[in-house]
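Chains A and B, in that order, give the protein sequences.
In terms of our numbering, the first sequence has 70 at position 70, counting the first letter as 1, and numbering is strictly consecutive.
Converting from the second sequence to our numbering requires adding 1000 to each position, the first position being numbered 1.
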Amino acid sequence: MSTLNTQPNFSAPGVTPLHAYMPGDQFYEQLIHSHQGLSDEQSRLVNARLILLLANHIGDLAVLQQALAAARAGVAPKETST
Amino acid sequence: MLSTYTYPRYAYRRPVELDAPHAKRRHPVVVVGAGPVGLAAAIDLAQRGQQVVLLDDDNTVSVGSRGLCYAKRTLEILDRLGCGDAVVAQGVTWNVGRTFHGEEEVFHFNLQPEPDHCRPGMVNLQQYHLEQCLVERAQSLPNLDLRWQNKVLAVTPQDDGATVEVDTADGRYTLHADWLVVADGARSPIRRQMGLDMAGRVFQDRFLIVDVVLKEPMFAEGKAERWFWFDPPFHPGQSVLLHREADNVWRIDFQLGWDADPEAEKQPDRVLPRIRAMLGAERDFELEWVSVYTFQCRRMQRFRHGRVLFAGDAAHQVSPFGARGANSGMQDSDNLAWKLKMVLDRLAPESLLDSYDAERVAAADENLLNSTRSTDFITPKSAVSKDFRNAVLTLAGEHAFARALVNSGRLSVPTHLLDSPLNTADSEPFAGTLHPGAPLADAPVLHQGLESWLLRHVGGPFVLLVFEADTQSVRAAVAAAAASTVPLQILLVSLGAGNAPAGCTRIVDHKGRVQQRLDARPGTAYLLRPDQHVVARWRRIDAAAVQAALQRATASDP
């Protein structure tokens, strides 16, 4: 069964970063930038669309199930999680 | 408030120009601003044999602890300036930073994970102590004319220099400078007077900065770490940063938000409860210094304006998260001094100083990028930005990828000048990160049988570092130095002891770290700039290739 990768995994092809934090920081900046100028409602819609795009790219239902569980863990009480 | 420090008062002396107003003596270099960057630039130039005038409008060092964290690269620069040992001895060494969310640690970093470096990742020292060390060094140099309470009123740039109007208690006078180095700080009166803009972002947030003296230290004697909290129980919804300083002084930064009233927040009735909430009611402390600051992330479009060169905060400003202010300013000075000296000595064309602009603008952009990213994480500007920040923090306890995204400041590391026009590209592969443009990594060596460090042997003129192979490699190096139009020193790295051939210095790589860090084989050679940056390297020395690289490194390509 495929396993959800929760190790640092951001990279740019062919680029060896001088510092390990660089590619992650770059993604995070792009993520925040993608919401610039949006209302909160628009941001929620962009986030939902982004999740769907990334989920389809991953595709593997086993991996997605692990990601859904990891995202929910600690946010809601255990007994209500599915 | 308590004071652990007595500010020195430096004597004003009547400038000679006041008594000979019509003698139009020219000064090769005038530096404005005796803060860390101006002092470093003046010392570096004076050590290289240059006559320098350094002007400052005050008669003492920085008031308040201000710049606090001095990174490994700055300590290496200070070593070259003769101040490294004093700064490290007075300061508090640290390598580990911890980040907490609420009460839980979510991330930690180690600035110096590998052994065998002379200097640690970071030393904390109040800016006034650093400046005092530098002032004492400056005062020991006979060719450095440090003028206190000499306030610059106006600068008029010219094709061949600048005239500087200076005000003193005894009246005004004019200095004629061939080159002017401006290090007069973030508010730079000279930059404003010349009508030069800064472009960038203003962050709408305020931070309370408090120095407290603790009766009982929080860490064991001599031990220190950087602690950063997101949303701690003692300061909910905001961030807090704790640093240990020298003399058992502790720096605490409280994020206040944009709506805070800066004057009211500085009052003890507001400050004391915040500190008691953090340290606990039973801990004895006294306030030493309180300030409220905002910050900007911005830079000048160009740092070179003809014969006027801007450095440090005058040229660029970053957020404090990452200690990239004074540390990048020291790299500006490091970059500028040798180039200016070579131009003054007619060993390089004036265009060499364009590379100061190119290299340090690129470095400023790297510092701005990192400090802006940290600031956006620490002070999210929108609901969605805060959602992502909190998502990262809540995932960080369990998942490594999220820990890597926790950004409470990416601490100052030297810029690798990879795109510098002075570099000669590698013609053969090398492993590791010491590409042309990188600052040379330090390593332990033996010199004349005594323990020493690699960087102690680099930093005067250009150096050709050669891993000794056979007598042919030494002969080739000597031939390259003899053919060179600029002074070139040969540094032989060998595995065993022995007498250095005439004209060479020999060091022994007794732990193998030099060979390892430089990915060297017998015959490998590195060409190193006077600021210790790699500028070219080869697997085998060719005198013509060395000469071509030296010409390129001094902007003297045919």
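Glycine included, C-beta positions come from ideal geometry on N, C-alpha and C.
Given a cut-off of 8 angstroms on the beta-carbon distance, is the pair residue i and residue j in contact?
i: Leu1018/B; j: Gly1171/B; result: yes
i: Arg1403/B; j: Ala1396/B; result: yes
i: Ser1408/B; j: Thr1099/B; result: yes
i: Leu1527/B; j: Phe1462/B; result: yes
i: Cys1297/B; j: Ser1239/B; result: no
i: Ser1319/B; j: Phe1295/B; result: yes
i: Ala1040/B; j: Leu1081/B; result: yes
i: Arg1206/B; j: Ala1260/B; result: yes
i: Arg1307/B; j: Gly1161/B; result: yes
i: Val1445/B; j: Leu1454/B; result: yes
i: Pro1028/B; j: Trp1338/B; result: no
i: Asp1116/B; j: Ala1443/B; result: yes
i: Leu1153/B; j: Asp1167/B; result: yes
i: Leu64/A; j: Ala55/A; result: yes
i: Asp1253/B; j: Ile1209/B; result: yes
i: Gly1437/B; j: Leu1417/B; result: yes
i: Ser1328/B; j: Ala1362/B; result: no
i: Pro1349/B; j: Ser1140/B; result: no
i: Ala1548/B; j: Ala1476/B; result: no
i: Gln1149/B; j: Ala1169/B; result: yes
i: His1399/B; j: Thr6/A; result: yes
i: Ser1374/B; j: Gly1322/B; result: yes
i: Arg1517/B; j: Gly1459/B; result: no
Can you tell me which of the options puts its alpha carbon nearest to the alpha carbon of residue i?
i: Asp1345/B; options: Gln1050/B, Pro1015/B, Val1032/B; result: Gln1050/B
i: Glu1221/B; options: Ser1065/B, Ser1239/B, Arg1244/B, Leu1208/B; result: Arg1244/B
i: Gly1312/B; options: Asn1370/B, Ala1183/B, Thr1379/B; result: Ala1183/B
i: Leu1078/B; options: Asp1044/B, Val1063/B, Asp1058/B; result: Asp1044/B
i: Gly1325/B; options: Val1292/B, Asp1167/B, Leu1353/B, Asn1367/B; result: Asn1367/B
i: Ala1497/B; options: Thr1554/B, Asp1376/B, Thr1485/B, Lys1511/B; result: Lys1511/B
i: Ser1355/B; options: Thr1156/B, Arg1552/B, Leu1518/B; result: Arg1552/B
i: Val1061/B; options: Ala1011/B, Arg1299/B, Leu1369/B, Phe1401/B; result: Ala1011/B
i: Met1330/B; options: Arg1270/B, Gln1127/B, Ile1209/B, Asp1509/B; result: Gln1127/B
i: Arg49/A; options: Leu18/A, Ala70/A, Ser34/A, Tyr28/A; result: Ser34/A
i: Arg1026/B; options: Arg1013/B, Pro1120/B, Thr1163/B, Asn1124/B; result: Thr1163/B
i: Leu1272/B; options: Asp1159/B, Leu1309/B, Val1290/B; result: Val1290/B
i: Val1249/B; options: Lys1266/B, Glu1359/B, Ala1224/B, Val1292/B; result: Ala1224/B
On the DSSP bridge assignment, give the partners of residue i in chain order.
i: Gly1200/B; result: Arg1298/B
i: Leu1464/B; result: Ile1490/B, Leu1527/B
i: Ala1358/B; result: Per DSSP, none; premise fails for Ala1358/B.
i: Leu1309/B; result: Val1181/B, Arg1304/B
i: Lys1151/B; result: Asp1167/B
i: Glu1103/B; result: Per DSSP, none; premise fails for Glu1103/B.
i: Asp996/B; result: The shown model of chain B, from 1001 to 1558, leaves out residue 996/B, and the question about it has no answer.
i: Ala1162/B; result: Pro1157/B, Ala1177/B
i: Met1122/B; result: Ala1071/B, Trp1094/B
i: Ile1507/B; result: Val1493/B
i: Pro1439/B; result: His1533/B
i: Phe1109/B; result: Gly1097/B
i: Trp1250/B; result: Val1212/B, Arg1244/B
i: Ser1452/B; result: Val1445/B
i: Leu1336/B; result: Leu1336/B is not bridged to any residue.
Is the closest heavy atom of the ligand FAD to the C-beta of residue i under 7 angstroms?
i: Pro1236/B; result: Absence of the ligand FAD is noted for the structure shown, with no ligands found whatsoever.
Given that residue i touches chain A, what residues does it touch there, using C-beta distances under 8 angstroms?
i: His1399/B; result: Thr6, Ala70
i: Asn1407/B; result: Tyr21, Asp25, Tyr28
i: Arg1226/B; result: Under the 8 angstroms cutoff, chain A gives no residues; its nearest Cβ is about 15 angstroms from Arg1226/B.
i: Thr1394/B; result: Gly74, Val75
i: Ala1071/B; result: Those do not exist, as Ala1071/B stays about 13 angstroms from chain A at its closest Cβ, beyond 8 angstroms.
Which bits of chain B does residue i rub up against, with CB to CB less than 9 angstroms?
i: Asp40/A; result: Ser1382, Ala1383, Val1384
i: His35/A; result: Ser1382, Val1384, Ser1385, Phe1388
Since residue i meets chain B, which of its residues come closer than 7 angstroms, beta carbon to beta carbon?
i: Leu31/A; result: Phe1388
i: Leu18/A; result: His1416, Thr1433
Quick one: list the residues of chain A neighbouring residue i, beta-carbon separation under 7 angstroms, in chain order.
i: Arg1276/B; result: Those do not exist, as Arg1276/B stays about 32 angstroms from chain A at its closest Cβ, beyond 7 angstroms.
i: Ala1476/B; result: What Ala1476/B touches in chain A: nothing, since even the nearest Cβ is about 32 angstroms away.
Name, please, each residue of chain B whose Cβ falls closer than 8 angstroms to the Cβ of residue i.
i: Gly14/A; result: Those do not exist, as Gly14/A stays about 15 angstroms from chain B at its closest Cβ, beyond 8 angstroms.
i: Ser2/A; result: Chain B residues near Ser2/A: none, gap ~16 angstroms exceeds 8 angstroms.
i: Ser11/A; result: Within chain B, no residue comes near Ser11/A; the closest Cβ sits about 12 angstroms away, beyond 8 angstroms.
Does any C-beta atom of chain D lie closer than 8 angstroms to the C-beta of residue i?
i: Arg1410/B; result: Here the protein chains are A and B, and chain D is not one of them.
Would you mind telling me which residues of chain A sit closer than 9 angstroms to residue i, beta carbon to beta carbon, in chain order?
i: Val1413/B; result: Leu18, His19
When you compare the stretch 1020-1035 of chain B with the stretch 1181-1195 of chain B, are there three or more beta-carbon pairs, one atom per stretch, that lie closer than 8 angstroms?
yes
So, does the stretch 1207-1214 of chain B touch the stretch 1281-1298 of chain B, judging by three or more C-beta pairs under 8 angstroms?
yes
Could you tell me whether the stretch 1411-1426 of chain B touches the stretch 1056-1072 of chain B, using the rule of 3 or more Cβ pairs below 8 angstroms?
yes
Within the chosen definition, does the stretch 1531-1546 of chain B reach the stretch 1427-1438 of chain B through at least 3 CB pairs nearer than 8 angstroms?
yes
Kindly confirm or deny that the stretch 1223-1236 of chain B and the stretch 1095-1110 of chain B touch, where touching means at least three C-beta pairs closer than 8 angstroms.
yes
Check whether the stretch 1136-1153 of chain B touches the stretch 1098-1112 of chain B, counting contact only when three or more Cβ pairs, one atom from each stretch, lie closer than 8 angstroms.
no
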